[in-house]
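The next block holds one structure in the form of structure tokens; read it before the comments.
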Amino acid sequence: MAKFLVIVESPAKAKTISQYLGSEFNVRASVGHIADLPSKGMAVDVDNGFAPTYELTERGRTVVKELKDLLKSSDALYLATDEDREGESISWHLLQHLKPKVPVHRMVFHEINAKSIQEAVANPRELDQPLVDAAETRRILDRLFGYEVSPVLWRRVNRGLSAGRVQSPALRLIVEREWQRIKFISADYFSLEAVTNTTPSFTAKLLSVNGTRIATGKDFSEQGVVNPDVTILTAARGDEITAGLENVDLVVRTVDEKPYRSSPKPPFTTSTLQQEAGRKLRLSSRQVMSAAQSLYERGFITYMRTDSISLSDEAINEVRSYVQRDYGKQFLTDGPRKHNSKVKNAQEAHEAIRPALPLRSPEQLGGELRGQDAGVYRLIWQRTLASQMSDTLGTTVSVRLGATAADAQRTDCEFSASGTTITFPGYRQAYEESRDE
610 MAKFLVIVES PAKAKTISQY LGSEFNVRAS VGHIADLPSK GMAVDVDNGF
660 APTYELTERG RTVVKELKDL LKSSDALYLA TDEDREGESI SWHLLQHLKP
710 KVPVHRMVFH EINAKSIQEA VANPRELDQP LVDAAETRRI LDRLFGYEVS
760 PVLWRRVNRG LSAGRVQSPA LRLIVEREWQ RIKFISADYF SLEAVTNTTP
810 SFTAKLLSVN GTRIATGKDF SEQGVVNPDV TILTAARGDE ITAGLENVDL
860 VVRTVDEKPY RSSPKPPFTT STLQQEAGRK LRLSSRQVMS AAQSLYERGF
910 ITYMRTDSIS LSDEAINEVR SYVQRDYGKQ FLTDGPRKHN SKVKNAQEAH
960 EAIRPALPLR SPEQLGGELR GQDAGVYRLI WQRTLASQMS DTLGTTVSVR
1010 LGATAADAQR TDCEFSASGT TITFPGYRQA YEESRDE
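Using our numbering, you'd call the opening residue of the sequence shown number 610 and step up by one each time.
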């Protein structure tokens, strides 16, 4: 007979955690929130400190009844919801409605494996009331926005539309930016590129004519006024120069050679994972988070809602051991890389998103992952390894090429071109970053 009742959010998570706890633990799911503000009415007393009125959801009533029955034969209750605002809120609501007469423990973990689960059981904490308050505040703001602003949309735009605490301010920023765009005064300018017939061929961009730099987009103000120190290349002038450079040799004027070094990006946060998976896997944010949720609940990755870019010392050591074994010592930095967030107000309650320990490569997982789950896991795996690998090294050569066009003005043209040769791949041996990161 099970002595301890453990409550998590989802059945999938409950199934995975059950594998790491003995028969004396009964792991059950709340299936998300059990209570919420009622769908009808404001349910927020704005004249009494914005006090909310909650009620059990239809599913919540069934869940609470089942859990109360299980509590009668339990010696302790472990609340094992996610360690974030919503998870803490779910645990708080469970306490309010279960009214347990047995000891209650708040059990938290950031990855689902035997070691983490057993450590969480052995080291519980109290419920974090400020985190509960933060979740409640967010829910109240949702309701206030929805009930106060949505009717304006119904009258002015279309019935059925809803306003929210995030989308409404975001829409304002978009509208303000659109007004700036409308006020922007456009201006025409052109650029010119030369493609050489060398082996290999390369492209050089026209930099200046007769010693004056060619205008680029950054040389124009929002009012369309150009920097007086540059010259605007028109289509007609560009055609003249092009014709004048036919069969004219470009002469190397200067060569500048510099060492090239590129360091790896830190491990993924929620937002950077969504961006990179969107670029590389062509997945929507919803698809990325669905795959990440599945990977977390099945014990393949750490918690997927995080703004942290740091890794635990244990994870760093295991990653570095894997890199040394599979890539070689030359692909490791001399010491562990420590990534610290530069984002203001970053919570960093969790680690960055990484594979759960012990590390298992995509190949080792074999047929356990399919489709989008497999693609997202591989991305997380590669990015995590790369974050502890050595820099990519090389040499960047920049050249200035000149020629005098055979036009009426005998225009002196100067082109620029650059290229990088990689001498040591470093982290790129494991992971190639998107160009627009």
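Note that the Cβ used here is the ideal one computed from N, Cα and C, for glycine as well.
Given residue i as reference, the closest of the options once Cα atoms are compared
| i | options | result |
| --- | --- | --- |
| GLU675 | LEU688, ALA638 and LEU750 | ALA638 |
| SER771 | ARG781, ALA779, PRO778 and TYR756 | TYR756 |
| GLY773 | TYR687, ILE749 and LEU707 | ILE749 |
| HIS702 | GLU720, VAL766, THR662 and LYS874 | THR662 |
| SER917 | PRO971, PHE659 and ARG963 | ARG963 |
| GLY631 | PRO620, ALA995, GLY641 and VAL615 | VAL615 |
| GLY820 | VAL617, ILE1031 and THR1020 | THR1020 |
| LEU816 | PRO760, GLU831, LEU842 and ALA621 | LEU842 |
| GLY908 | LYS624, ASP656, LYS612 and PHE613 | LYS624 |
| SER700 | GLN939, SER930, ILE726 and VAL673 | VAL673 |
| VAL1047 | GLU667, ILE626, CYS1022 and PHE659 | With the chain covering only 610 through 1046, there is no way to say anything about residue 1047. |
Under 7 Å between C-beta atoms of residue i and residue j
| i | j | result |
| --- | --- | --- |
| THR1029 | TYR869 | yes |
| LEU665 | ALA652 | no |
| VAL835 | ARG822 | no |
| ALA744 | GLU785 | no |
| GLU720 | ALA965 | yes |
| GLU697 | VAL741 | yes |
| GLY853 | LEU801 | no |
| ASP1078 | LEU904 | Because residue 1078 is not part of the residues shown, which for the chain are 610 to 1046, the question remains open. |
| LEU920 | GLU960 | yes |
| GLY833 | ALA796 | yes |
Span separating the alpha-carbon of residue i from that of residue j
| i | j | result |
| --- | --- | --- |
| GLU1041 | PRO1034 | 10 Å |
| ASN635 | ARG934 | 40 Å |
| LYS708 | TYR687 | 13 Å |
| HIS642 | GLN705 | 13 Å |
| SER777 | TRP788 | 17 Å |
| PRO971 | THR1001 | 24 Å |
| ARG987 | ALA901 | 11 Å |
| LYS724 | TYR912 | 15 Å |
| VAL711 | SER648 | 33 Å |
| ILE910 | SER872 | 24 Å |
| ARG670 | GLU977 | 35 Å |
| SER880 | MET716 | 26 Å |
For residue i, the residue or residues it bridges with in DSSP
| i | result |
| --- | --- |
| MET998 | LEU941 |
| VAL617 | ALA638 |
| THR746 | DSSP lists no partner for THR746. |
| PHE1024 | LEU815 and LEU1010 |
| LEU688 | ILE616 and ARG715 |
| ILE823 | THR840 |
| ASP654 | ALA660 |
Neighbourhood of residue i by C-beta distance below 8 Å, restricted to the same chain and skipping five residues each side
| i | result |
| --- | --- |
| ALA1026 | PHE811, THR812, ALA813, LYS814, SER1007, VAL1008 and LEU1010 |
| TRP763 | GLY769 and LEU770 |
| SER999 | GLN939, PHE940, LEU941, THR942, PHE1033, GLY1035 and TYR1036 |
Sequence-distant residues of its chain with Cβ nearer than 6 Å to residue i (five each side left out)
| i | result |
| --- | --- |
| PRO945 | ILE925 |
Chain-order list of residues whose beta-carbon lies under 7 Å from that of residue i (same chain, five-residue window excluded)
| i | result |
| --- | --- |
| ASP828 | VAL835, ASN836 and VAL839 |
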